[in-house]
Amino acid sequence: MGSSVADKSPTLLLLGCGQLGTAVGQHFLERGWRVIGARRSINRLPDNFERLAIDFSSASDIETLGEIQADYVLITLSPDGRSEAAYNKVFQVALSHILAHLNRDSLSHVLFTSSTSVYHQNDGSVVDEESATEPHSYSGRSVLAAEKLLTASGLSASVVRFGGIYGGHSLRLAERVRAGQCAPLQPVHYSNRIHRLDCERVLEHLLDRAARGLALEPCYLAVDDEPAPIAEVHLWLAQQLNVDYNYDNAYRHMAGSKRGCNQRLRASGFEFRYPDYRSGYNAVLAETN
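Our numbering puts the last residue of the sequence shown at 290; the count rises by one with no breaks.
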């Protein structure tokens, strides 16, 4: 006897499908879901994915999306370069094409990976999902515009604003500390981060909640439990690496000084594997040494 519609495994469509999307896809593939990975070049996608080559900024390529009946969609877009044009191409043009061509008949929920770059605060204040977003950088403005496109689409959707992602097989921050390119202790400049493994787990957690019929909020701030001054992080790393803490007066902060609050994510039942920078970087150092 064939499976009924109710017994059908969910279909997860991964749009962008880089390192983060691929990890999430593997997780749900192991749970018996149908997983489709879509990106411009599919040679980096796992062989066990259903693979779809699409240039999301191409009006002709994008029509293929309408043929896919997905239950859940995870959108993890990234620009080809660090320029305003590159950001607008992916977060405005490509996302507009995607939202216009998704098959809505079977779609239950969309997740979109966003960034804390949408916040403009630079005074060490606490920010959450309801805080004002008036970004000064072109990257923040572009990502915020993408969030607004998703909201205006009328789809059941959530955005996940990730802090600075670290982890994997390299530790660029450690190399900066070894090179004496640390942030000065004063003025205090708060930073927010999340380990790459916890990024994957956040998305898996939210998709799992959706699959169980539980409501999702329209926005989640995904940072660990301990926003910390970046100089404090550098000093701690210097101690772990047994090198001198040498700061650079010309050090350039990559983001505003703010403290992200993850209470909404925590309230959804999520538990961090690495709730602070010490546990996270200890794991990274163990992997890279």
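The C-beta atom is built at its ideal place from N, Cα and C for all residues, glycine as well.
Once the 5 residues before and after Ser-5 are set aside, which same chain residues still bring their CB inside 6 Å of it? Your numbering for residue 5 matches position 4 in the sequence shown. At Ser-5 the pLDDT is 37, less than 50, meaning the model places this residue with poor confidence; the figure from the coordinates comes in the next sentence. Closer than 6 Å at Cβ, skipping near neighbours: no residue.
Any chance the segment 262-282 sits against the segment 191-204, with 3 or more Cβ pairs inside 8 Å? Taking a cut-off of 8 Å for Cβ pairs, the segment 262-282 and the segment 191-204 touch, as three or more such pairs fall below it.
Cα-Cα separation between Asn-283 and Leu-238, rounded to whole angstroms: To locate residue 283, count along the sequence shown from 1; it is residue 282. To locate residue 238, count along the sequence shown from 1; it is residue 237. In a straight line, the C-alpha of Asn-283 is about 9 Å away from that of Leu-238.
Per DSSP, what kind of secondary structure is Ile-166 in: helix, strand or coil? Here residue 166 refers to the residue found at position 165 of the sequence shown. In the structure shown, the three-state DSSP call for Ile-166 is strand.
With DSSP collapsed to three states, give me the class of Gly-181. The count along the sequence shown starts at 1 and reaches residue 181 at position 180. It is coil, neither helix nor strand.
Just grab the DSSP bridge partners of Val-144 for me. The sequence position of residue 144 within the sequence shown is 143, counting from 1. None; Val-144 has no bridge partner.
Taking the Cβ atom as the reference point for each residue, do Leu-286 and Leu-242 lie within a distance shorter than 9 Å? As a first step, residue 286 is located in the sequence shown; it is residue number 285 there, counting from the start. As a first step, residue 242 is located in the sequence shown; it is residue number 241 there, counting from the start. Yes, these two residues count as a Cβ contact at 9 Å.
Count the other CB atoms within 10 Å of the CB of Asp-106; is the residue buried (16 or more) or exposed (fewer)? Within the sequence shown, residue 106 is the residue found at index 105, counting from 1. Result: exposed.
Express the C-alpha separation of Val-25 and Ala-71 in angstroms, rounding to a whole number. Your numbering for residue 71 matches position 70 in the sequence shown. Your numbering for residue 25 matches position 24 in the sequence shown. Approximately 15 Å, taken between the alpha carbons.
Have a look at Asp-129 and Glu-148 and give me their C-alpha separation to the nearest angstrom. Mapped onto the sequence shown, residue 129 falls at position 128. Mapped onto the sequence shown, residue 148 falls at position 147. Taking the straight line from one Cα to the other gives about 15 Å.
Collapsed DSSP secondary structure at Gly-19 in the structure displayed: On the sequence shown, position 18 is the one that residue 19 refers to. In the three-state reduction of the DSSP assignment, Gly-19 falls in the coil class.
From which residue to which residue does the alpha helix (DSSP H) around Ser-157 run? For the purposes of this step, residue 157 is taken as residue 156 along the sequence shown, with counting starting at 1. Premise fails: Ser-157 is in no alpha helix (DSSP H) and is neither H nor E.
Backbone secondary structure at Lys-90 - three-state DSSP: Walking along the sequence shown from the start, residue 90 turns up at place 89. In this structure, Lys-90 counts as helix in the three-state DSSP scheme.
What is the rounded straight-line gap between the Cα of Ala-7 and the Cα of Glu-205? The residue labelled residue 7 in the question sits at position 6 within the sequence shown. The residue labelled residue 205 in the question sits at position 204 within the sequence shown. With a pLDDT of 47 at Ala-7, under the threshold of 50, the modelled position of that residue is not reliable, and no figure is offered here.
Gln-240 burial status per 10 Å Cβ neighbour count (16 or more: buried): Within the sequence shown, the letter at position 239 stands for residue 240. Gln-240 comes out exposed.
Sorted by chain position, which residues of the same chain lie with C-beta nearer than 6 Å to Val-234's C-beta, five sequence neighbours on each side aside? Taking the sequence shown and counting its residues from 1, one reaches residue 234 at position 233. Cβ-Cβ distances below 6 Å link Val-234 to Tyr-278 in the same chain, with the five nearest sequence neighbours on each side left out; the list follows chain order.
In the DSSP assignment, find the alpha helix (DSSP H) that holds Leu-208 and state where it starts and stops. Mapped onto the sequence shown, residue 208 falls at position 207. Looking at the DSSP string, the run of the alpha helix (DSSP H) that includes Leu-208 is 197-212.
How far does the alpha helix (DSSP H) with Arg-265 in it extend, from its first residue to its last? Residue mapping note: residue 265 aligns to position 264 of the sequence shown, counting from 1. Counting along the chain, the alpha helix (DSSP H) containing Arg-265 begins and ends at 264-268.
Does the beta-carbon of Arg-202 have 16 or more other beta-carbons within 10 angstroms, so that it is buried, or is it exposed? Numbered from 1 along the sequence shown, position 201 holds the residue referred to as residue 202. With 16 or more other Cβ atoms within 10 Å, it is buried.
Who are the Cβ neighbours of Arg-260 in its own chain at under 6 Å, not counting the five residues just before and after it? For the purposes of this step, residue 260 is taken as residue 259 along the sequence shown, with counting starting at 1. So the list reads Val-127, Tyr-191 and Pro-228, once near-sequence residues are dropped.
Could you compute how far the alpha carbon of Gly-257 sits from the alpha carbon of Ser-10? Taking the sequence shown and counting its residues from 1, one reaches residue 257 at position 256. Taking the sequence shown and counting its residues from 1, one reaches residue 10 at position 9. Going by the C-alpha atoms only, they are around 43 Å apart.
Arg-52 versus Leu-172 - alpha carbon distance: As a first step, residue 52 must be located in the sequence shown, where it is residue number 51. As a first step, residue 172 must be located in the sequence shown, where it is residue number 171. Going by the C-alpha atoms only, they are around 31 Å apart.
Could you compute how far the alpha carbon of Leu-14 sits from the alpha carbon of Glu-31? On the sequence shown, position 13 is the one that residue 14 refers to. On the sequence shown, position 30 is the one that residue 31 refers to. Counting only the Cα atoms, Glu-31 lies some 15 Å from Leu-14.
Three or more C-beta pairs closer than 8 Å, one from the segment 35-50 and one from the segment 129-146: is that the case here? No, they do not touch.
Is it right to say His-1 is buried, meaning 16 or more other beta carbons lie within 10 angstroms of its own, or is it exposed? In this structure the chain extends from 2 to 290, so residue 1 is not present and cannot be described.
Tell me where the alpha helix (DSSP H) around Ile-76 begins and ends. Here residue 76 is taken as the residue at index 75 of the sequence shown, counted from 1. Not the alpha helix (DSSP H): Ile-76 falls in the beta strand (DSSP E), residues 73-76.
Measuring CB to CB, does Tyr-221 end up less than 9 Å from Ser-143? Here residue 221 refers to the residue found at position 220 of the sequence shown. Here residue 143 refers to the residue found at position 142 of the sequence shown. Contact: no.
I'd like the ranges of any beta strand (DSSP E) spanning at least 3 consecutive residues and lying wholly in the segment 30-67. Entirely contained in the segment 30-67, the beta strand (DSSP E) runs reaching 3 residues are, in chain order, 35-40 and 51-54.
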